[in-house]
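**Q**
Residue numbers (this note's numbering): 187 to 287.
#1: Below 8 angstroms between beta carbons: does that hold for residue 236 and residue 205?
#2: Taking Cβ to Cβ, would you say residue 280 is nearer than 8 angstroms to residue 266?
#3: Buried or exposed, going by whether 16 or more other CB atoms sit within 10 Å of the CB of residue 194?
#4: Whose C-beta lies closer than 8 angstroms to the C-beta of residue 278 among residues of the same chain, with five residues either side of it excluded?
#5: Check whether the Cβ atoms of residue 215 and residue 224 lie closer than 8 angstroms to each other.
#6: May I have the straight-line CA-CA distance separating residue 249 from residue 283, to the nearest angstrom?
#7: Less than 8 angstroms between the C-beta atoms of residue 199 and residue 245, yes or no?
Next up, the structure:
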């Protein structure tokens, strides 16, 4: 796992229509390896052992995303909560209800 931590990463999920699109966007923005499996188990493995999470992660368009893909929104949010509980020294502040200006 890389020691380099970005201070903040912003991900615009307002146009995401499918879980696959979400995983591809997460892969790109969080710099997951090419072999990322594009599912929630692979996501957990990536954030807990393959990459360094940023200090702050901001999601733009969360409320619309949550309406389109409620189960994926719930799973992703729980992954981040679990991450901060399991890795308190690597805590990442997550902003899910960020509103566009």
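Cβ coordinates follow ideal geometry from the N, Cα and C atoms, glycine included.
These figures come from a predicted structure and were not determined experimentally.
**A** The relevant details are as follows:
#1: When the beta-carbon positions are compared, residue 236 and residue 205 stay at least 8 angstroms from each other.
#2: Taking 8 angstroms as the cut-off, the Cβ atoms of residue 280 and residue 266 count as close.
#3: Counting Cβ neighbours within 10 Å, residue 194 comes out exposed, since fewer than 16 surround it.
#4: Excluding the 5 residues flanking it on each side, residue 278 has same chain C-beta neighbours closer than 8 angstroms at 239, 240, 241, 242, 243, 266, 269, 270, in chain order.
#5: No, the pair does not count as a contact, with Cβ atoms beyond the cut-off.
#6: Distance between the alpha carbons of residue 249 and residue 283 is about 7 angstroms.
#7: Yes, the pair counts as a contact, with Cβ atoms nearer than the cut-off.
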